[in-house]
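Protein chains in written order, with our numbering: chain A, 699 to 957; chain B, 699 to 957; chain C, 699 to 957; chain D, 699 to 957.
We treat Cβ as the ideally placed atom computed from N, Cα and C, and that holds for glycine.
Only one structure is covered here, and it is reproduced in the block below.
There are 4 protein chains.
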Amino acid sequence: MKKVCLVIGAGAGIGGTVGKRFAREGYHTVLCRRSDEEGLHRLVAEIEDAGGSATGKLLNAIDDGVIEDLVAETEANIGPIEVVLFNLGAQIGNRALMDTNYKVFEMGWRLATFALFRVATSVLPLMEARGSGTLLVTSATAAVRGNAGQHSHAAAMGGRRMLCQTLNAEYASKGVHVAHVLIDGAVDAPDTLGKMLGPENFAKLREAKGKDQDGLLVPEHMADTYFHLANQHRSAWTHELDLRAYSDLAWWNHAPKLV
Amino acid sequence: MKKVCLVIGAGAGIGGTVGKRFAREGYHTVLCRRSDEEGLHRLVAEIEDAGGSATGKLLNAIDDGVIEDLVAETEANIGPIEVVLFNLGAQIGNRALMDTNYKVFEMGWRLATFALFRVATSVLPLMEARGSGTLLVTSATAAVRGNAGQHSHAAAMGGRRMLCQTLNAEYASKGVHVAHVLIDGAVDAPDTLGKMLGPENFAKLREAKGKDQDGLLVPEHMADTYFHLANQHRSAWTHELDLRAYSDLAWWNHAPKLV
Amino acid sequence: MKKVCLVIGAGAGIGGTVGKRFAREGYHTVLCRRSDEEGLHRLVAEIEDAGGSATGKLLNAIDDGVIEDLVAETEANIGPIEVVLFNLGAQIGNRALMDTNYKVFEMGWRLATFALFRVATSVLPLMEARGSGTLLVTSATAAVRGNAGQHSHAAAMGGRRMLCQTLNAEYASKGVHVAHVLIDGAVDAPDTLGKMLGPENFAKLREAKGKDQDGLLVPEHMADTYFHLANQHRSAWTHELDLRAYSDLAWWNHAPKLV
Amino acid sequence: MKKVCLVIGAGAGIGGTVGKRFAREGYHTVLCRRSDEEGLHRLVAEIEDAGGSATGKLLNAIDDGVIEDLVAETEANIGPIEVVLFNLGAQIGNRALMDTNYKVFEMGWRLATFALFRVATSVLPLMEARGSGTLLVTSATAAVRGNAGQHSHAAAMGGRRMLCQTLNAEYASKGVHVAHVLIDGAVDAPDTLGKMLGPENFAKLREAKGKDQDGLLVPEHMADTYFHLANQHRSAWTHELDLRAYSDLAWWNHAPKLV
Numbered sequence: 699m700k701k702v703c704l705v706i707g708a709g710a711g712i713g714g715t716v717g718k719r720f721a722r723e724g725y726h727t728v729l730c731r732r733s734d735e736e737g738l739h740r741l742v743a744e745i746e747d748a749g750g751s752a753t754g755k756l757l758n759a760i761d762d763g764v765i766e767d768l769v770a771e772t773e774a775n776i777g778p779i780e781v782v783l784f785n786l787g788a789q790i791g792n793r794a795l796m797d798t799n800y801k802v803f804e805m806g807w808r809l810a811t812f813a814l815f816r817v818a819t820s821v822l823p824l825m826e827a828r829g830s831g832t833l834l835v836t837s838a839t840a841a842v843r844g845n846a847g848q849h850s851h852a853a854a855m856g857g858r859r860m861l862c863q864t865l866n867a868e869y870a871s872k873g874v875h876v877a878h879v880l881i882d883g884a885v886d887a888p889d890t891l892g893k894m895l896g897p898e899n900f901a902k903l904r905e906a907k908g909k910d911q912d913g914l915l916v917p918e919h920m921a922d923t924y925f926h927l928a929n930q931h932r933s934a935w936t937h938e939l940d941l942r943a944y945s946d947l948a949w950w951n952h953a954p955k956l957v
Numbered sequence: 699m700k701k702v703c704l705v706i707g708a709g710a711g712i713g714g715t716v717g718k719r720f721a722r723e724g725y726h727t728v729l730c731r732r733s734d735e736e737g738l739h740r741l742v743a744e745i746e747d748a749g750g751s752a753t754g755k756l757l758n759a760i761d762d763g764v765i766e767d768l769v770a771e772t773e774a775n776i777g778p779i780e781v782v783l784f785n786l787g788a789q790i791g792n793r794a795l796m797d798t799n800y801k802v803f804e805m806g807w808r809l810a811t812f813a814l815f816r817v818a819t820s821v822l823p824l825m826e827a828r829g830s831g832t833l834l835v836t837s838a839t840a841a842v843r844g845n846a847g848q849h850s851h852a853a854a855m856g857g858r859r860m861l862c863q864t865l866n867a868e869y870a871s872k873g874v875h876v877a878h879v880l881i882d883g884a885v886d887a888p889d890t891l892g893k894m895l896g897p898e899n900f901a902k903l904r905e906a907k908g909k910d911q912d913g914l915l916v917p918e919h920m921a922d923t924y925f926h927l928a929n930q931h932r933s934a935w936t937h938e939l940d941l942r943a944y945s946d947l948a949w950w951n952h953a954p955k956l957v
Numbered sequence: 699m700k701k702v703c704l705v706i707g708a709g710a711g712i713g714g715t716v717g718k719r720f721a722r723e724g725y726h727t728v729l730c731r732r733s734d735e736e737g738l739h740r741l742v743a744e745i746e747d748a749g750g751s752a753t754g755k756l757l758n759a760i761d762d763g764v765i766e767d768l769v770a771e772t773e774a775n776i777g778p779i780e781v782v783l784f785n786l787g788a789q790i791g792n793r794a795l796m797d798t799n800y801k802v803f804e805m806g807w808r809l810a811t812f813a814l815f816r817v818a819t820s821v822l823p824l825m826e827a828r829g830s831g832t833l834l835v836t837s838a839t840a841a842v843r844g845n846a847g848q849h850s851h852a853a854a855m856g857g858r859r860m861l862c863q864t865l866n867a868e869y870a871s872k873g874v875h876v877a878h879v880l881i882d883g884a885v886d887a888p889d890t891l892g893k894m895l896g897p898e899n900f901a902k903l904r905e906a907k908g909k910d911q912d913g914l915l916v917p918e919h920m921a922d923t924y925f926h927l928a929n930q931h932r933s934a935w936t937h938e939l940d941l942r943a944y945s946d947l948a949w950w951n952h953a954p955k956l957v
Numbered sequence: 699m700k701k702v703c704l705v706i707g708a709g710a711g712i713g714g715t716v717g718k719r720f721a722r723e724g725y726h727t728v729l730c731r732r733s734d735e736e737g738l739h740r741l742v743a744e745i746e747d748a749g750g751s752a753t754g755k756l757l758n759a760i761d762d763g764v765i766e767d768l769v770a771e772t773e774a775n776i777g778p779i780e781v782v783l784f785n786l787g788a789q790i791g792n793r794a795l796m797d798t799n800y801k802v803f804e805m806g807w808r809l810a811t812f813a814l815f816r817v818a819t820s821v822l823p824l825m826e827a828r829g830s831g832t833l834l835v836t837s838a839t840a841a842v843r844g845n846a847g848q849h850s851h852a853a854a855m856g857g858r859r860m861l862c863q864t865l866n867a868e869y870a871s872k873g874v875h876v877a878h879v880l881i882d883g884a885v886d887a888p889d890t891l892g893k894m895l896g897p898e899n900f901a902k903l904r905e906a907k908g909k910d911q912d913g914l915l916v917p918e919h920m921a922d923t924y925f926h927l928a929n930q931h932r933s934a935w936t937h938e939l940d941l942r943a944y945s946d947l948a949w950w951n952h953a954p955k956l957v
């Protein structure tokens with residue numbers, strides 16, 4: 699039986715690409731996303747054409763019971779989940795405080811923090827019982843600094859990061875690895891960043907960042923690090939790392955300040 | 699007309715004591731807490747006996763509309779709020795992941811993160827219109843590190859801290875000061891810590907920490923720093939500071955590690 | 699006998715101004731700087747004219763034995779040192795790696811890190827014996843993030859910050875308080891920042907930052923916080939805080955990034 | 699011609715083991731250490747026996763000119779250096795402030811901070827001219843928190859970390875990658891930790907940490923992550939990550955505190 703990798707948030711950017719990578723390495727990959735059924739089928743087909751195996755599921759993770767059922771059904775019908783990639787984003791662009799209503803603020807938390815808690819509750823005890831497993835958590839710069847307009851996103855990601863720490867504190871010694879992957883830059887993903895910026899601005903940004911089309915974070919290359927994390931021996935685990943393109947400055951360096 | 703200081707979470711520990719301090723300095727202090735009407739009356743009476751003025755309100759801050767109404771009514775009936783102390787805690791002691799149900803996890807967020815967002819939305823625009831104001835936010839070590847068993851608390855406080863940053867990023871330049879006060883130690887507060895530990899363990903802890911009864915954080919002395927923060931000139935504002943007793947180690951120092 | 703406050707690095711900005719503040723509060727202040735004898739005399743005269751008492755010393759802190767002798771002589775001839783303000787800076791402006799020679803790099807360490815170690819070694823055991831004392835350490839954003847061109851400064855300040863932590867870890871429980879004051883913005887100091895930028899650029903910066911001449915950190919107001927730190931009761935000590943003007947962004951917010 | 703990997707601090711723990719790993723992957727590895735010529739020969743022999751190629755050098759990195767000559771000679775006689783592993787440690791165990799003399803404090807800086815600056819100055823411009831290269835820097839928990847007794851080590855490692863940031867800020871966009879590897883736990887290295895603890899305590903520690911001999915950081919497995927970092931595509935670079943054994947708590951989790 700194949701090892702199973704479950705991807706929650708499997709769009710065309712990080713989620714789908716990391717999913718393909720695990721499929722290539724022999725995992726049966728379960729790809730879940732909220733919309734674009736056609737895109738999902740294409741993703742599964744690509745994996746199968748390359749000799750891998752995958753299942754696609756269209757679902758809304760924040761609905762009651764959806765994550766819980768997904769984990770239970772995957773375990774029952776496909777196999778023991780060895781790796782989960784939790785990849786739900788909650789970036790909604792910059793909004794002033796008074797343009798951020800309660801619903802939006804709560805939605806950020808439901809997607810970025812609470813959904814991870816639900817995943818953890820559903821899957822970590824199973825991994826604990828097996829003595830091994832990996833939970834890869836995509837995160838963002840907003841988890842470590844709150845910029846203007848990021849009220850919902852930063853509060854949600856700050857919660858996500860602390861939750862990763864409490865999970866590691868309880869589960870690492872049981873053989874379960876939680877890794878917080880701090881994405882500190884724009885990802886070359888047409889269907890998230892591209893949509894947020896619009897095609898023209900997205901093209902301009904890609905141009906500005908690097909002439910060889912590698913000035914934004916390229917999901918194919920990011921996937922190497924996600925896969926590496928899932929394969930670290932338990933005697934040498936990383937709990938947190940950052941990722942950015944060479945042409946970018948680290949978040950702590952954006953500073954026109956004088957001192 | 700007196701300046702107004704609004705305390706949300708005015709128990710017998712930090713909240714009530716800081717409230718008394720602002721009252722002593724000439725503020726009309728509005729003290730809000732969820733329970734113990736008698737204790738609340740006593741607090742108001744103490745302030746009035748000392749020549750100050752205060753209003754006590756019994757309310758459940760997380761109920762719909764309560765914070766919003768509180769701010770509106772205070773502004774309408776008492777006066778412009780110059781200082782808010784947001785002092786709602788969300789510590790429930792250590793609970794393993796599987797003992798932390800969804801409701802508990804959400805309650806942490808409602809108390810520690812969302813209630814602050816609601817306060818900010820209600821009061822910061824008023825302060826902005828007046829060109830000044832201070833929002834003091836009591837926070838905890840759990841905002842910067844997630845320990846085992848702190849799933850709900852750490853996720854909520856991590857969100858609180860990032861929210862303080864996004865609020866400062868948007869409002870500081872408008873003359874509104876948000877300060878994140880990281881309480882990094884046990885507070886000598888019989889009705890929160892004392893209740894959590896039980897009277898016997900609480901007495902033991904006080905004894906162990908320092909013979910002169912100052913080995914825990916003493917609210918009267920903490921109040922000095924809260925008051926100082928509210929009085930910093932806008933050319934020299936602190937966004938974050940930590941507080942702990944001399945006899946305690948900073949959170950980053952708890953380390954039996956070898957390196 | 700008056701309490702003694704020793705200021706190492708008492709220029710016309712933070713050092714001299716904080717020194718004046720302690721003098722006003724009844725401390726005999728010992729003001730030490732490397733150059734500008736006339737300015738030093740003026741500072742002492744100002745303090746004395748205001749009814750305070752002070753001693754001025756021209757010395758080069760990084761010379762062998764100078765700090766050690768200063769502490770010994772102050773204790774012998776003036777009185778027990780209750781507060782030290784360590785205020786030596788090591789900012790030399792931005793220099794590319796290949797423009798930062800070994801001597802410059804070492805000089806940063808001698809000023810910003812090693813001199814603090816020498817001060818600590820000289821004065822903390824005396825404070826320990828007395829069961830109390832405060833070491834206030836002026837620090838910079840470079841202690842928490844390394845920007846381009848700050849090779850010497852950031853390495854030195856990063857060391858300074860960690861040293862403050864190791865000192866607190868060993869001495870706090872003995873009643874000695876070390877506070878790391880992270881200056882996160884430009885200080886309105888004509889003879890340091892003003893010299894570095896030149897008078898014209900300095901005037902422009904002041905203008906740009908705030909129309910009421912309070913858009914840069916004003917030493918007189920910073921002094922309030924330094925004094926507050928030295929007066930915190932030992933049951934509620936701050937080990938680290940930041941300071942910046944309201945019109946400025948916190949270091950973690952300087953971010954044109956998209957995420 | 700083979701790619702060259704230069705290891706400064708190639709003992710039997712991390713340095714030598716990572717060196718062997720790069721050799722196995724086709725690099726000519728230059729292994730430098732201060733003492734134990736026999737051990738060094740054995741290391742080179744092991745690499746050659748496995749079909750790799752290596753050069754061993756006995757040298758004292760902190761001596762004047764030694765690092766500079768090493769880089770120049772390696773480039774001249776062996777080939778362009780693609781990867782440097784800077785692996786000099788400066789841990790001397792815990793020493794109270796008054797047991798840490800000036801010489802010891804300075805030695806920490808010379809080994810942990812200044813030697814890295816010298817390496818950077820020597821090798822980064824060469825890498826910049828070639829448009830690529832990697833500088834892997836082994837670091838320690840002491841770079842992010844200063845524990846009691848770690849005065850020399852923490853100050854030196856805090857400087858090392860900030861220096862890595864300033865180097866990245868200047869060189870990343872030129873195609874040169876600097877990675878700060880925060881070793882957050884005890885390494886299973888008989889000739890460093892083992893010597894420090896003595897054979898008996900070392901054996902006890904190994905036992906206590908994990909029954910399968912993987913409760914300490916195993917250099918062979920750590921080498922995977924070092925090698926991964928050197929092979930990250932420039933569109934997705936990590937500037938900092940941490941490593942610890944599954945059985946260990948992260949440094950931020952060592953907390954008997956109540957909150």
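A direct Cα-to-Cα measurement between Ser871 (chain C) and Ile790 (chain D) gives close to 24 Å.
In the DSSP secondary-structure assignment, Leu786 (chain C) is not bridged to any residue.
Under the DSSP assignment, Ala752 (chain D) falls in the beta strand (DSSP E) whose first and last residues are Ser751 to Leu756.
Against chain D, the CB of Trp935 (chain B) has no partner CB under 8 Å away; the residue lies outside that interface.
Proximity of chain B to Val916 (chain C) at the Cβ level (cut-off 9 Å) is accounted for by His931, Ser933 and Ala934, in chain order.
By the Cβ-count criterion, Glu746 (chain B) is exposed, with fewer than 16 other Cβ atoms from all chains shown falling within 10 Å of its own Cβ. Straight-line spacing of the CA atoms in Gln930 (chain B) and Ile712 (chain B) works out to 20 Å. Counting along the chain, Glu905 (chain C) sits inside the alpha helix (DSSP H) bounded by residues Pro897 to Lys907. A Cβ-Cβ distance of about 13 Å is found for the pair Ala759 (chain A) and Thr811 (chain A), leaving them out of contact under the 8 Å criterion. Boundaries around Thr727 (chain B) are those of the beta strand (DSSP E), His726 to Arg731, since no alpha helix (DSSP H) includes it. Chain C places no beta carbon closer than 8 Å to that of His875 (chain D), leaving this residue out of the contacts. In terms of CA proximity to Leu768 (chain A), A:Thr819 leads the group A:Ala743, A:Arg719 and A:Thr819. Of all C-beta pairs linking the stretch 860-869 of chain D to the stretch 880-899 of chain D, fewer than three are shorter than 8 Å, placing the two stretches out of contact.
By the Cβ neighbour-count rule, Ala948 (chain B) is buried, with 16 or more other Cβ atoms within 10 Å of its own.
Note that the stretch 791-804 of chain A touches the stretch 835-851 of chain A; at least 3 beta-carbon pairs, one per stretch, sit closer than 8 Å.
Between Arg740 (chain C) and Leu757 (chain C) the beta-carbon gap is near 18 Å, outside 8 Å, which marks them as no contact. Annotation for Ser820 (chain D): no beta strand (DSSP E) segment contains it, though the alpha helix (DSSP H) segment containing it runs Ala813 to Arg828. Per DSSP, His926 (chain B) is not a residue of any beta strand (DSSP E); the alpha helix (DSSP H) it occupies stretches across Pro917 to Asn929. At least 8 Å separates the beta-carbon of Val879 (chain C) from that of Met825 (chain C).
In the DSSP secondary-structure assignment, Cys862 (chain D) is not bridged to any residue. For His739 (chain A), the enclosing alpha helix (DSSP H) has its first and last residue at Glu735 to Asp747. Counting only residues of its own chain and dropping the five nearest sequence neighbours on each side, Gly754 (chain A) has a CB closer than 6 Å to the CB of Leu729, Leu738 and Val742.
Any Cβ of chain C closer than 8 Å to the Cβ of Arg843 (chain A) would place that residue at the interface, and such an atom is present. Taking 8 Å as the threshold, the shortest C-beta distance from Asn951 (chain C) to chain B falls below it. Spanning the alpha carbons of Ala788 (chain A) and Ser850 (chain D) requires a straight line of approximately 43 Å.
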